[in-house]
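Visitor: Under the numbering used here, the first residue of the sequence shown is numbered 64, with each subsequent residue one higher. The C-beta atom is built at its ideal place from N, Cα and C for all residues, glycine as well. Since this is a predicted model, take the numbers as computed values, not measurements.
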Amino acid sequence: MYNKITTKQGDSGFSILRGKKVHKSSDIMQFLGQLDIINSYIGICVSHKCSKKEELYQIQNVLFDIGASFADESITFNEKRTQALENWSENLSEKLPELKTFILPGGAEVSSHIHVARSMVRHAESIFWKIHQESKSIKINISIGIYLNRLSDFLFILARYENNGNDVLWKQGFRDE
64 MYNKITTKQG DSGFSILRGK KVHKSSDIMQ FLGQLDIINS YIGICVSHKC SKKEELYQIQ
124 NVLFDIGASF ADESITFNEK RTQALENWSE NLSEKLPELK TFILPGGAEV SSHIHVARSM
184 VRHAESIFWK IHQESKSIKI NISIGIYLNR LSDFLFILAR YENNGNDVLW KQGFRDE
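(1) Within a Cβ cutoff of 8 angstroms, which residues of the same chain sit near Ser189, ignoring the five residues on either side of it in sequence?
(2) Would you mind stating whether His178 and Leu218 have Cβ atoms separated by less than 9 angstroms?
(3) Could you pull out every unbroken alpha helix (DSSP H) segment of at least 4 residues lying fully inside the stretch 82-129, listed in chain order?
(4) Leaving aside the five residues before and after Trp192 along the sequence, list all residues of the same chain whose C-beta is less than 6 angstroms from its C-beta, in chain order.
(5) Which partner residues does Ile166 have in the DSSP bridge list?
(6) Rounded to whole angstroms, what is the Cα-Cα separation between Cys108 and Pro160?
(7) Quick check on this structure: which residue in Phe127, Ser114, Pro168 and Leu119 has the alpha carbon closest to the alpha carbon of Lys234?
Below you can see the structure in the form of structure tokens.
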């Protein structure tokens, strides 16, 4: 069976969300595109032998659900997903040394990739809150914004965990002399 991918429906610069035409340059489409980038990048993190693959696979599925909820009102976002992130974060945090200074993104290769994913999530979160603040035409579930906030926290903690306590510490005032 052949599933045709090219439909040519978006050739005029519009997509259909919840039965309405939405310009592809809109904030909502930028947000959905950012979710796609994050999802793809999390796939890179998994391929770099991240020790928490199952959690990352669950996150990838949730990101798809979030995107789908913007396209179809019947798809709802379950707040239990945020609780799962909080639980994972708490469990990993207990295994890490206390953080006494800022850290630089880096260290192990997988940790570096997780930091990139984390920064992408922070960008998506800012787009989400802009949509929430400005949108009058689409109902926005703020639980999604909260989930994205917790996701960036989880990815920060996971990056530290993957570094095995060998965080790259920020050295305030460092300069060549």
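Guide: The structure says:
(1) Nothing meets the Cβ criterion.
(2) yes
(3) 90-110
(4) Gly208
(5) BP columns for Ile166 point to Leu232.
(6) Cys108 and Pro160: Cα-Cα distance of roughly 23 angstroms.
(7) Pro168
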